[in-house]
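The structure appears below as structure tokens.
Residue numbers (the working numbering), protein chains in the order written: chain A, 121 to 510; chain Y, 121 to 510.
See below:
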């Protein structure tokens with residue numbers, strides 16, 4: 121429970137002050153303050169009886185990754201998540217700041233942006249100590265048709281504001297900058313951990329897609345493998361470079377800018393468009409104009425210009441049907457340790473809603489969940505036009 | 121609207137009598153009767169004003185497949201589906217047999233199993249005439265970063281019973297046999313059509329996964345490409361054969377039978393188990409003991425033994441939470457034209473529910489929909505035990 125207030129500036133220009141501490145059960149919490157000297161890391165977690173988190177390197181069959189031999193992919197088994205907090209009443213929100221008599225996941229009585237390890241993680245145990253992350257497995261589990269490994273990684277929660285009833289789209293551009301500094305700093309820190317192969321920052325918004333807490337928040341997963349979608353993109357970029365001698369992401373962005381039919385918004389640092397083969401009713405990809413492998417590699421100009429454009433796009437989603445859009449926002453970043461992939465990959469954020477019409481959702485049923493084939497009911501150029509006009 | 125009653129037996133032993141006809145808008149309908157001489161194909165579709173379906177080979181931007189250059193996959197655009205029938209009241213069910221004054225999609229006044237072309241298809245226009253399926257595209261659409269093709273294929277509806285309030289799990293084994301004969305006959309017929317690369321029989325059951333019609337029915341898609349999941353399985357089987365010199369599917373089934381911890385049910389023709397790296401809270405794979413590439417290749421013994429085992433599995437799903445399980449049942453079949461893949465592939469049906477606990481569903485949120493990583497809250501051995509005990 122020791123606190124440190126080492127005040128490391130997380131980004132250029134000292135826009136953000138970072139303080140790290142630990143919760144009562146041993147989990148790490150990191151405050152990203154918009155002013156110096158707030159000392160939020162000194163606030164103590166007063167909760168008693170929280171079971172301590174397992175030390176890194178502990179094996180449990182309920183927290184593992186398993187190899188699917190038919191598809192050639194890792195699947196995460198995380199049985200203890202079944203008991204995670206499920207739509208608590210507003211006065212019991214665990215993501216609010218603590219108040220007298222009501223300790224929450226955040227010990228401080230206020231915060232700007234705060235990141236902490238998820239209490240009900242899909243992955244845990246990644247360590248900054250080399251060799252400490254992956255425990256030896258019981259005999260027989262590491263071979264056969266479906267070898268297992270420890271579910272080693274890390275899952276973090278990112279609270280965007282202490283205001284329970286806000287949304288990302290209601291934040292100020294200044295706050296979006298702080299969130300971006302938190303994403304970039306955590307991407308760098310998690311990428312340096314033993315065994316982490318990919319860092320994924322994302323937001324699920326809306327009960328329609330299974331959100332169990334309404335407080336505006338996102339998540340960060342540090343995976344011990346490269347995810348299937350990322351592997352595919354890396355393979356496509358490699359194959360494209362071999363055939364065309366150019367970069368896939370650069371050429372896609374240039375083609376969309378030249379065509380224009382699917383453009384949604386742009387400024388001098390970012391470009392937002394509906395992808396030509398969009399899977400979702402309303403889906404937007406946002407690329408920085410200068411390609412980088414991950415958030416940590418974005419320069420100051422790109423970080424500064426992101427908020428205004430992203431807020432514009434999110435607010436267009438909310439205006440589409442005159443009601444807050446349930447959406448997923450997914451940051452696609454390069455794998456951590458594959459130098460070739462890092463050279464070719466283009467960081468981007470994908471935002472999509474599952475709402476296809478007022479009162480109607482896009483479900484992933486037999487074609488999508490069974491065969492991996494997406495059927496989109498909206499022509500991408502129509503989706504782009506509606507987003508431009510919203 | 122001409123009817124023919126050519127009475128082709130669909131399977132061995134003349135268990136099923138097949139009659140083909142056409143609906144008022146030109147779509148094909150095929151009755152699979154459990155007795156001869158019923159002449160259901162003679163019933164006329166009396167509806168007026170149904171817009172005729174486009175002739176095969178008609179290009180429309182609202183009915184197309186587009187290449188996703190980032191993932192290397194085809195995505196289906198099917199804009200006219202937005203207006204499809206959505207949870208009609210029981211007395212307006214379009215899948216009931218027709219009654220005086222109430223014509224439906226099925227002209228006959230009763231049926232056993234009936235298959236017809238979907239009125240709101242994701243894919244259409246596949247033709248038995250060589251060269252007729254794919255129309256020439258307007259200039260410029262067939263190249264660039266995201267080439268398009270016509271959404272050429274076929275989508276069929278399979279009604280399992282004329283009883284609106286039944287479910288698949290409530291069918292008799294005799295009826296399941298008729299359904300299997302229909303699946304096998306349609307797999308063979310669609311596989312012979314020009315441009316069809318994969319045939320997919322499946323059932324979505326339950327509003328929780330987006331079912332828009334309650335009448336017990338499934339669907340058949342004839343795709344103009346090999347689906348992403350099937351491509352992956354084919355690649356895994358190839359790689360396994362190259363490394364191990366054996367068949368991936370055979371070895372997986374043998375390993376599951378030997379281990380036993382994930383077995384759910386078996387008879388002398390079929391084996392049902394929870395896969396070792398299950399993605400879904402409750403998921404079962406059912407393999408025939410003699411590997412075949414597709415449903416049409418199943419022999420009489422396998423067809424005869426399927427019903428009892430499948431009904432047993434479905435009823436276990438319904439008993440898990442004491443309420444009808446929302447589920448997807450997906451028949452994984454070999455690609456149509458790839459001889460190597462057909463030699464290696466192992467037909468199986470995958471059944472899974474999205475219910476993870478009473479009142480709680482598994483949602484595909486940021487990890488699944490964004491990264492293709494599945495997080496399963498139930499340890500597969502626990503899921504298998506609960507299904508055995510149900």
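Note that the Cβ used here is the ideal one computed from N, Cα and C, for glycine as well. In this text the structure is predicted, and so the values were computed from the model without any measurement.
Out of Y:297, Y:274, Y:266 and Y:272, the CA that lies nearest to the CA of residue 281 (chain Y) is found in Y:297. At a Cβ-Cβ threshold of 8 angstroms, residue 392 (chain A) and residue 410 (chain A) do not count as neighbours. In the DSSP annotation of this structure, residue 410 (chain A) is not part of any alpha helix (DSSP H), being labelled neither H nor E. Between residue 165 (chain A) and residue 227 (chain A), the C-beta gap is smaller than 8 angstroms, which places the two residues in contact. Scanning chain Y for C-beta atoms nearer than 9 angstroms to the C-beta of residue 319 (chain A) yields nothing, as the closest lies near 11 angstroms away. If you check each beta-carbon in the region 487 to 499 of chain Y against every beta-carbon of chain A, the ones closer than 9 angstroms belong to 487, 488, 489, 490, 491, 492, 493, 494, 495, 496, 497, 498 and 499. Residue 324 (chain A) reaches chain Y at 485 and 486, counting residues in chain order whose Cβ is nearer than 8 angstroms.
Between residue 461 (chain Y) and chain A, the shortest Cβ-Cβ separation is not below 8 angstroms. Spanning the alpha carbons of residue 344 (chain Y) and residue 185 (chain Y) requires a straight line of approximately 9 angstroms. Residue 270 (chain A) and residue 381 (chain A) have their C-alpha atoms spaced approximately 46 angstroms apart. With distances taken between CA atoms, residue 178 (chain A) lies nearest to A:273 out of A:273, A:150, A:189 and A:225. For residue 201 (chain Y), the chain A residues whose Cβ falls inside 7 angstroms of its Cβ are 497, in order along the chain.
Annotation: the continuous beta strand (DSSP E) that includes residue 392 (chain Y) extends over 390 to 393. For residue 288 (chain Y), the three-state secondary structure derived from DSSP is helix. Cα atoms of residue 384 (chain A) and residue 467 (chain Y): separation of roughly 44 angstroms, rounded to the nearest angstrom. For residue 398 (chain A) and residue 289 (chain A), the gap between their C-alpha atoms comes out near 23 angstroms. Just so you know, the alpha carbons of residue 161 (chain A) and residue 300 (chain A) end up roughly 20 angstroms apart. For residue 503 (chain A), there is no enclosing beta strand (DSSP E); the residue is part of the alpha helix (DSSP H) that begins and ends at 500 to 509.
Counting only runs of at least 4 residues, the region 286 to 350 of chain A fully encloses the following alpha helix (DSSP H) elements, listed from N- to C-terminal order: 293 to 311. The beta carbons of residue 214 (chain Y) and residue 231 (chain Y) sit no closer together than 8 angstroms. Contact residues of the region 356 to 376 of chain Y toward chain A are 356, 368, 371, 372 and 375 (C-beta to C-beta distance below 7 angstroms).
The three-state secondary structure of residue 467 (chain A), taken from DSSP, is coil. Under the three-state reduction of DSSP output, residue 206 (chain Y) falls in the coil class, being neither helix nor strand. For residue 433 (chain A), the uninterrupted alpha helix (DSSP H) run begins and ends at 420 to 440, by DSSP. Counting along the chain, residue 248 (chain A) sits inside no beta strand (DSSP E), nor does DSSP assign it H or E at all. When the beta-carbon positions are compared, residue 474 (chain Y) and residue 446 (chain Y) come within less than 8 angstroms of each other.
In this chain, the alpha helix (DSSP H) harbouring residue 371 (chain Y) covers 368 to 379.
The Cβ-Cβ distance between residue 347 (chain Y) and residue 492 (chain A) falls below 8 angstroms. Residues of the region 327 to 343 of chain Y that bring their beta carbon within less than 9 angstroms of a beta carbon in chain A comprise 328, 329, 330, 331, 338, 339, 341 and 343, in sequence order. Relative to the Cα of residue 250 (chain A), the nearest Cα in the group A:139, A:311 and A:169 belongs to A:311. By the neighbour-count criterion, in which 16 or more other beta carbons inside 10 Å mark a residue as buried, residue 156 (chain Y) falls on the exposed side.
Under the criterion of beta carbons closer than 8 angstroms, residue 147 (chain Y) and residue 237 (chain Y) qualify as touching, at roughly 4 angstroms. Remark: C-beta atoms of residue 181 (chain Y) and residue 318 (chain Y) do not approach each other more closely than 8 angstroms. Residue 482 (chain Y) has its alpha-carbon roughly 39 angstroms from the corresponding atom of residue 420 (chain A).
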